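Residue numbers (my numbering), protein chains in the order written: chain A, 1 to 203; chain B, 1001 to 1203. C-beta: ideal position from N, C-alpha, C; glycine also. Small disclaimer: the values here were computed from a predicted structure and weren't measured. Heads up, the thing below is written out as structure tokens.
Set out below in structure tokens:
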């Protein structure tokens, strides 16, 4: 039995970045998936009512991005120095900023308001961020930060997958550099095999 | 002239955690403050249309939490090992989660809706998070993580200050451990002198 446990819902979502990084590093872990029906009974026992959780040697913590950064250091996807780590962290937090801008679309039930939100995302927010990410990729040798593959790229590939699901279109169609980076991550050893074998879920 | 520049609006906000950490570490920096009138002309030149910015040796990055983590390593307010860094990062991201839950209050213009949002924050959200932060402080020797003073505590003190401004009451009245931690941060060498001498701004 592995001493590392990753607990998340039965989906990709915010748990998948942790799974990708562990698979990339060939680190064995228990992939615990909570069905929605069982979540209300478990929610209160988590640190702040959220998943994913990461457990190692009996110690548990939440927060997907913090966990991703921690695992990245084990699997050699962190920066080579502290400035590189800052660049990687800043891009990761910017990906989170963009991710959070998509959430109102998910929680809006009024069809007309939802359509308006979606238009704003597709015509303003996404082009603004993607245009800037494209420039970072040009400047960083095909990656988002620090001139090399880092955990920010892995987080980005996961986030782009979620954006496609949320927006119900391929948001990457017009952004070749982003699309290429996503594919590069999905072809990485460990991650490629995981994608081929993981449980199929809608998101 | 200092080779470190911190650029933010003329206020505390998300720039203040960077200023606190630099002051604590006795690191000289140029405290550049952008007036709202000048912001539209500058916005497009920033990495993602946001402040604060941090500049060191001519290199610039955004994202306040990423910058705080970077400076924390210089001033010895990071963890002693990677698990401690994970604990500190997870608490910092949880502080951000709570901070973002307060933003709708700021952007809501309808007085009735604003009052409803405020009640939910004061009666549900804040007690939920503060009750759990209180348990972390009990378990961690009076600090939020890693049994010692860290940059998460500094970020927390700043966030609590913002919560008081947003909610127009002292949110800490019922939470002695949180109040004590905030005071402890505000009494730290460098930070104490900064608070006494910094420009006075509403938030």
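Would you decide whether residue i is buried or exposed? Buried here means 16 or more other CB atoms lie within 10 Å of its CB.
i	result
residue 79 of chain A	buried
residue 42 of chain A	exposed
residue 1057 of chain B	exposed
residue 1150 of chain B	buried
residue 123 of chain A	exposed
residue 1100 of chain B	exposed
residue 1180 of chain B	exposed
residue 1016 of chain B	buried
residue 174 of chain A	exposed
residue 1038 of chain B	exposed
residue 1141 of chain B	exposed
residue 113 of chain A	exposed
residue 213 of chain A	Residue 213 of chain A falls outside the range modelled here, since chain A spans only 1 to 203, and no answer is possible.
According to the Cβ coordinates, are residue i and residue j closer than 8 angstroms?
i	j	result
residue 1064 of chain B	residue 1014 of chain B	yes
residue 106 of chain A	residue 166 of chain A	yes
residue 144 of chain A	residue 71 of chain A	no
residue 1090 of chain B	residue 96 of chain A	no
residue 1010 of chain B	residue 1035 of chain B	yes
residue 146 of chain A	residue 87 of chain A	yes
residue 1018 of chain B	residue 1068 of chain B	yes
residue 1203 of chain B	residue 1162 of chain B	yes
residue 1077 of chain B	residue 1007 of chain B	no
residue 108 of chain A	residue 117 of chain A	yes
residue 1130 of chain B	residue 94 of chain A	no
Please return the same chain residues whose Cβ sits closer than 7 angstroms to the Cβ of residue i, not counting the five positions on each side in sequence.
i	result
residue 1126 of chain B	1171
residue 1185 of chain B	1153, 1154, 1157 and 1191
residue 1092 of chain B	1065, 1152 and 1155
residue 1205 of chain B	Given that chain B is displayed from residue 1001 to residue 1203, the structure contains no residue 1205 of chain B and the question cannot be resolved.
residue 85 of chain A	78 and 79
residue 1102 of chain B	1121, 1163 and 1166
residue 188 of chain A	24
residue 50 of chain A	62
residue 128 of chain A	none
Name the DSSP bridge partner or partners of residue i?
i	result
residue 71 of chain A	In DSSP, residue 71 of chain A forms no bridge with anything.
residue 4 of chain A	A:56
residue 1032 of chain B	B:1007
residue 61 of chain A	A:54
For residue i, which residues of its own chain have a beta-carbon under 6 angstroms away from its beta-carbon, when the five flanking residues on both sides are left out?
i	result
residue 55 of chain A	5
residue 1177 of chain B	1134 and 1137
residue 139 of chain A	none
residue 3 of chain A	57
residue 148 of chain A	none
residue 1119 of chain B	none
residue 199 of chain A	none
Answer yes or no: the CB of residue i versus the heavy atoms of the ligand GDP, is any distance below 7 angstroms?
i	result
residue 145 of chain A	By its list of ligands, the structure shown contains no ligand whatsoever, and the ligand GDP lies outside what it can speak to.
Excluding the five sequence neighbours on either side, which residues of its own chain have a C-beta within less than 8 angstroms of the C-beta of residue i, listed in chain order?
i	result
residue 1194 of chain B	1019, 1020 and 1023
residue 74 of chain A	25 and 27
residue 1032 of chain B	1005, 1006, 1007 and 1008
residue 1201 of chain B	1010, 1011 and 1012
residue 1104 of chain B	1117
Exercise. Which whole runs of the alpha helix (DSSP H) in the stretch 100 to 144 of chain A are 4 residues long or more, in chain order?
Worked result: 111 to 120 and 126 to 139
Problem set entry | Runs of alpha helix (DSSP H) lying entirely within the stretch 134 to 200 of chain A, each at least 4 residues, in chain order | Segments of the alpha helix (DSSP H) lying fully in the stretch 134 to 200 of chain A: 151 to 167, 176 to 186 and 191 to 197.
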